[in-house]
Structures are given as structure tokens and as C-alpha cells.
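Trainee: Protein chains in written order, with the numbering used here: chain A, 147 to 321; chain B, 23 to 378.
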Amino acid sequence: MLCDHCGQRQATVHLTEITNGHKTESHLCQVCASEIQAQGFGFAPQLNLHHFMAGLLNHELGGANYGQQQADGEKCARCGMAEGQIMKQGLLGCGDCYPYFEEKMQPLLRRIHGNTRHTGKVPGRTGGRARTVKEIENLKNRLREAVGREEFERAAQFRDAIRQLEKTLEEGGEA
Amino acid sequence: MPIKEIVNHPHSHWMDAEGEESDIVISSRVRVARNLAGIPFPHLLKKEKSNEVIHALRLAIQNEEAAELLGNLELCALSELTPLERQILVDKHLISPEFLNNYEAKAVVLRDDEVVSIMVNEEDHLRIQCLLPGLCLKEAWNIIDKIDDGLEKTLDYAFSEKLGYLTSCPTNVGTGMRASVMLHLPGLKLTKQLYGVLNAIGKLGLTVRGLYGEGSEALGDLYQISNQITLGQSEEDITNNLISSTLQILNQEKAARQALYQNRQEIIEDRVHRAYGTLKYARILTLEETMRLISDLRLGVALNIISGIGIRLLNELMVKIRPAFLKKISGQEMTPPQRQVYRAGLIRKELEAVPQ
């Protein structure tokens, strides 16, 4: 369906207005809808990212109005941020909120990012173990490549390096 | 340049128009979100605790071990700047507009070349930003990476093996990285292809915003394209993805410009010259009209219809003509009509200085 207003773009905003018992329907594209809104008609409230997030979380945690019912709910042991508060604001309270509300965050993170595992930079200090794990991962890839190219001497070097790193991991060190 | 000086000058390095494809890609920006381990996120902090975060960063940028990685950084509490000076930092794209709310507990760090800025106690404890002219995302990430390593010599970050850098909003968790390019897309707009292109971008996990970020309008045919996803992709993946999408858009924009120029040469030339004429002779100019005219003129410069005017001058004008800078230059409060007259006068003067 094309937009009633510009007749060019697909209509994605469908508005039903009832004035004095008289019903009118309009179908608008995102662009015209936001223009009309900017002119002050003021339907379709502006999308606020935090409200949007809060809405998603609310859904994750048990459906509509759950937030109000559980204004307190479970609280993060470190910062005291409660489920209800997180739902309302769309923001977590501290780093520990992530493991604390992990089960509830997982589906949300998957929905936002399509993924639940970090594959990027690892800090040198706080991410010691993670850095080693990543390094092993990296070496394994290079080992596979070396074997593919039949560079067995290089492959053996990679294998030894991997063993060394795995050993330090087992011993609980950070390499 | 010290911060108190930076707010006196409209120029910033990103305006230099020297990077690759700089007639269409005005600037490239990378920012990462970082939080300190064991301290609640800024929205939960009382002023005292917020000041501790600022203090921790002050120590981090003074750490001599990290001096080589960090370069010349200066920290300044937002409350030490006047409202006008704070607004100028926003207009120069060195800090975000949202950062001005509740400014008492916040601080800004700038590198003397204005390429690196750090917002302290925005939505996260640290938002480290690098801003460069043209299409320079890889370079921007390399700079950020170094600064980040430098700060980490002193600071412990909130990080989880599984989820990466932990952020206040779950949309930033993982790399905490938002990479963006600012594009000038009048060709796509005039040929009515813009919304098709922008729609396609959405499907690639990228998002489009106006000139000053979230919720701002696309003044002067300028659009910011940035990544949405921060978890499960490495920093290199994110920059590569954005670069290849940007190159696609760039090619589309170039093709649109060529087509316009070939099929509608008089119309385009007329439009560019009208814009130039208006900017040169008008006596009253609103911000919106000026941005529109600068956009037309920028197109004219890129298509070699107008010579003698550099993209750099136009980039600088975009900041100079905003209310904050006009107030700074004139040294007085102005009503909107007075400002429009002053703006027109300033532009006339700038363009008169251009050799004919």
C-alpha cells in the first residue's frame, strides 16, 4: 500500500482517528508520518530508544504491566538496581547487573544484536583470561591455515604455542 | 590548543576535507563506551561519586607510562565552561547534545588537535571519540584503540569474557563501539532514491541519523550512517562493514550526480548559482535556509560548477552560522531576527574574501 500523503513510498504507519464518532483511516509512510507529527498533530509519539528498550525488557520479564507490579522486584546485589527500575529506564545499574540478570538479558541481547557472545577487543588488564582464550582461538585458525598450505614446520610451532597457552590457562594463570 | 581556546575557533580538524572521498564523506567518527569496574553507571551516581570517576580519569591521563599512547589530553569539568562554550563544543561535534543535561557531574577531555575527545559521565563513565575528515574509519579506530590502551594502564574496565565491555544500555554492550560517517547526499535526494538507499541500509544492521545524532533533522542533506550491532562482531568487522556500505552509497550518490548533471545540466547549474548568489547577497538568512544553500553550493563545488571555494570553508561555515558561534563572534545576545541579519552579513563577508 502506498502512502496517502506522498503516494510514493510504502505506507508503514496506519492511523485510525475517531472524531465526534466519525472514523477516518490514514496510511502513511515513515517520512510523511514524521513530518505530520513535526507539524504538531502529535499522534504517533516519538520513538525514544530508552522507552523502546524498556518495552522490550518488560516483555522479556513477563509481559505488559509487569514492571508496575514489580516496581521493586529482584535487586542487583551490588548496585541495588531493581528489575522494575531497569524496565522503566531501559538502563542497567552497573556491570554486575549483567551476570545478575543474565537469564533475562540473554533473549533481549539476542534480539538486539543477533548474538550473545563478544568477539572484539579484550582489555589487557581486566580481561587477562579472555585475552589468552582469544589468542588460542587465533593460533588455532593459523594452525589450520598452515596445515592447509602444507607448511608443517610452521604448524608445529603454532601447535606448541597453543599447548603452552592452554597449560597456563589450566594452571589458572593469565599468561 | 587548550579547551578554552578551542571554543574560540570555529575550525576543527574534521573540516579539513583532506581524507578520501571528502566531497561526499565529510567526516568519520568512532566512539567506544567504557565503564569502570565496581562503580555503578553514571545515572545511578551521586555527585560525589561522579567526581571520583572524573578524578580517576584525571589520574589516567596524567600517567606518564601512557603518555606516548595518549598524546596531549586536557580535562575540563563542564561546569568550568560557560553555557555558550559548552554549546560550541556540541556544534563542533566534539561532544553530544545529550551530554549538556545535568552538566554538574560531567567532564570533557580533549586532545589538543581536537581529533580525540572523551565524555566523562555521559550514559557511560567514558565515551571515547575520534573524529577525522573524509572516509577514515580504520585510522579512527586505531587512534581510539591506542587511547583505550593508554587509559587502561591506570583504569580497570567493567568487562566480561562473554559479553565484552559492559555498558549502561544493552544496545552498546560488547565492543561498546559506534562507528559513523557523515555523508552529503543531495544527488540521491534530488533523484528521489534516498529513501530506497536508506531503507536498504537498515537491512544491513546500520542506522541513519541527522546532523547532530539521535532525533536530529537531516539539515543540509547531511546524514550520519552508523552501526547498530555491538555484540558478536569485532571492531574490525564493524568498521569493514560500515566502509563497504559507505562505498556503495558513495557510488550511488556519484552515479546520481552524474545522471543529474548530464540530463539536467541547466537546472543543476541554475540551482548552484542561485544558492551562491543568495549566500553572497542575501540580507536575512535563517539557519535552515543557509544549510540548504550551503548544500547546493557544496554540490556545485564537487561538480566543478563553482571554483575558488573550498569544501573546507563550507564545513567551517556550517559551524560558524549556528546560533552559539554567532553569539560568540558578535559578543552579544541577539533575537532570532537580529541573528538572521548578522548571519547573512557574516556569510557575505566570508564569500567576499574568496578570490573570483
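From the three backbone atoms N, C-alpha and C, an ideal C-beta is built for every residue, glycine too. Because the structure is a prediction, the values reported are computed rather than measured.
Which of the three DSSP states is assigned to G242 (chain B) in this structure?
Mentor: The residue labelled residue 242 (chain B) in the question sits at position 220 within the second sequence. In this structure, G242 (chain B) counts as helix in the three-state DSSP scheme.
Trainee: Quick one: Cα of M204 (chain B) to Cα of R231 (chain B), how far?
Mentor: As a working mapping, residue 204 (chain B) is identified with position 182 in the second sequence. As a working mapping, residue 231 (chain B) is identified with position 209 in the second sequence. Roughly 9 Å between the two C-alpha positions.
Trainee: Our contact map puts E96 (chain B) next to P24 (chain B) with C-beta atoms below 8 Å; I'd like the distance itself, whole angstroms only.
Mentor: For the purposes of this step, residue 96 (chain B) is taken as residue 74 along the second sequence, with counting starting at 1. For the purposes of this step, residue 24 (chain B) is taken as residue 2 along the second sequence, with counting starting at 1. That belief holds up - the Cβ atoms of E96 (chain B) and P24 (chain B) are roughly 6 Å apart, short of 8 Å.
Trainee: Could you tell me whether the Cβ atoms of L159 (chain B) and L264 (chain B) are closer together than 8 Å?
Mentor: Within the second sequence, residue 159 (chain B) is the residue found at index 137, counting from 1. Within the second sequence, residue 264 (chain B) is the residue found at index 242, counting from 1. Taking 8 Å as the Cβ cut-off, L159 (chain B) and L264 (chain B) qualify as a contacting pair.
Trainee: Using the beta-carbon count (16 or more within 10 Å), is F298 (chain A) buried or exposed?
Mentor: To locate residue 298 (chain A), count along the first sequence from 1; it is residue 152. Looking at its Cβ environment, which holds fewer than 16 other Cβ atoms inside 10 Å, F298 (chain A) is exposed.
Trainee: Chain B partners of T278 (chain A), CB-CB under 7 Å?
Mentor: Taking the first residue of the first sequence as position 1, residue 278 (chain A) is located at position 132. The premise fails here: T278 (chain A) is roughly 10 Å from chain B at the closest Cβ pair, so nothing lies under 7 Å.
Trainee: Determine whether the beta carbon atoms of F63 (chain B) and L238 (chain A) lie at a separation below 8 Å.
Mentor: Against the second sequence, residue 63 (chain B) aligns to sequence position 41. Against the first sequence, residue 238 (chain A) aligns to sequence position 92. Taking 8 Å as the Cβ cut-off, F63 (chain B) and L238 (chain A) qualify as a contacting pair.
Trainee: Look at E275 (chain B) and L368 (chain B) and say whether their C-beta atoms are less than 8 Å apart.
Mentor: As a first step, residue 275 (chain B) must be located in the second sequence, where it is residue number 253. As a first step, residue 368 (chain B) must be located in the second sequence, where it is residue number 346. Their beta carbons are not under 8 Å apart, which means E275 (chain B) does not touch L368 (chain B) by this criterion.
Trainee: How would you label Y303 (chain B), buried or exposed, when you count the other beta carbons within 10 angstroms and need 16 or more for buried?
Mentor: If you number the second sequence from 1, residue 303 (chain B) lands on position 281. Looking at its Cβ environment, which holds fewer than 16 other Cβ atoms inside 10 Å, Y303 (chain B) is exposed.
Trainee: How many angstroms separate the CA atom of L282 (chain B) from the CA atom of L212 (chain B)?
Mentor: Taking the first residue of the second sequence as 1, we reach residue 282 (chain B) at position 260. Taking the first residue of the second sequence as 1, we reach residue 212 (chain B) at position 190. For L282 (chain B) and L212 (chain B), the distance between alpha carbons rounds to 8 Å.
Trainee: Unbroken beta strand (DSSP E) runs of length 3 or more, entirely within the region 126 to 183 of chain B: which are they?
Mentor: Complete beta strand (DSSP E) runs here, min 3: 129 to 133, 138 to 142, 148 to 155.
Trainee: Use the C-beta contact count for G260 (chain A): other C-beta atoms within 10 angstroms, 16 or more gives buried, fewer gives exposed.
Mentor: Here residue 260 (chain A) is taken as the residue at index 114 of the first sequence, counted from 1. It is exposed - the Cβ of G260 (chain A) has fewer than 16 other Cβ atoms within 10 Å.
Trainee: Got a sec, what are the start and stop residues for the beta strand (DSSP E) A55 (chain B) sits in?
Mentor: Indexing the second sequence from 1 puts residue 55 (chain B) at position 33. Segment 47 to 56, the beta strand (DSSP E) holding A55 (chain B).
Trainee: Taking the runs of the alpha helix (DSSP H) that are 4 residues or longer, which of them lie wholly in the region 72 to 98 of chain B?
Mentor: Entirely contained in the region 72 to 98 of chain B, the alpha helix (DSSP H) runs reaching 4 residues are, in chain order, 89 to 92.
Trainee: Could you give the first and the last residue of the continuous beta strand (DSSP E) run that contains V219 (chain B)?
Mentor: Along the second sequence, one-based indexing puts residue 219 (chain B) at 197. Segment 216 to 225 is the alpha helix (DSSP H) holding V219 (chain B); no beta strand (DSSP E) there.
Trainee: Tell me which residue opens and which closes the beta strand (DSSP E) that V230 (chain B) is part of.
Mentor: Looking up residue 230 (chain B) in the second sequence gives position 208. 228 to 231 is the span of the beta strand (DSSP E), which, as asked, contains V230 (chain B).
Trainee: Name, going along the chain, the residues of the region 247 to 278 of chain B whose beta-carbon falls closer than 9 Å to a beta-carbon of chain A.
Mentor: Per Cβ criterion, the list reads Q250, I251, T252, L253, G254, Q255, S256, E257, E258, D259, I260.
Trainee: In or out: H77 (chain B) buried (at least 16 other Cβ within 10 Å) or exposed?
Mentor: Within the second sequence, the letter at position 55 stands for residue 77 (chain B). Per the 10 Å Cβ criterion, exposed.
Trainee: Tell whether a beta-carbon distance below 8 Å holds between L92 (chain B) and I83 (chain B).
Mentor: By 1-based counting over the second sequence, the position of residue 92 (chain B) is 70. By 1-based counting over the second sequence, the position of residue 83 (chain B) is 61. Taking 8 Å as the Cβ cut-off, L92 (chain B) and I83 (chain B) qualify as a contacting pair.
Trainee: Is it true that the region 349 to 369 of chain B meets the region 289 to 296 of chain B, where meeting means three or more beta-carbon pairs spaced less than 8 Å apart?
Mentor: No, they do not touch.
Trainee: Under 9 Å between beta-carbons, which chain B residues line up against R309 (chain A)? List them in chain order, please.
Mentor: Your numbering for residue 309 (chain A) matches position 163 in the first sequence. None at all; the shortest Cβ gap to chain B is about 21 Å.
Trainee: Beta carbon of T268 (chain B), beta carbon of I247 (chain B): below 8 Å?
Mentor: As a position in the second sequence, residue 268 (chain B) is number 246, starting the count at 1. As a position in the second sequence, residue 247 (chain B) is number 225, starting the count at 1. Yes, they are a contact pair.
Trainee: Which residue's Cα is closest to the Cα of R305 (chain A): A:G236, A:Q231, A:I282, A:G241?
Mentor: Along the first sequence, read from residue 1 onward, the residue named residue 305 (chain A) stands at position 159. Measuring from the Cα of R305 (chain A), the nearest candidate turns out to be A:I282.
Trainee: To the nearest angstrom, report how far apart L106 (chain B) and F121 (chain B) are at their CA atoms.
Mentor: Translated into the one-based positions of the second sequence, residue 106 (chain B) becomes position 84. Translated into the one-based positions of the second sequence, residue 121 (chain B) becomes position 99. Answer to the nearest angstrom: the Cα atoms are 14 Å apart.
Trainee: DSSP on G186 (chain B), reduced to helix/strand/coil?
Mentor: By 1-based counting over the second sequence, the position of residue 186 (chain B) is 164. In the structure shown, G186 (chain B) sits in a strand (DSSP, three-state: E or B).
Trainee: Does the beta carbon of K267 (chain A) sit closer than 8 Å to a beta carbon anywhere in chain B?
Mentor: Sequence index remark: in the first sequence, residue 267 (chain A) carries index 121 (1-based). Yes, K267 (chain A) lies at the interface with chain B (some Cβ there is under 8 Å from its Cβ).
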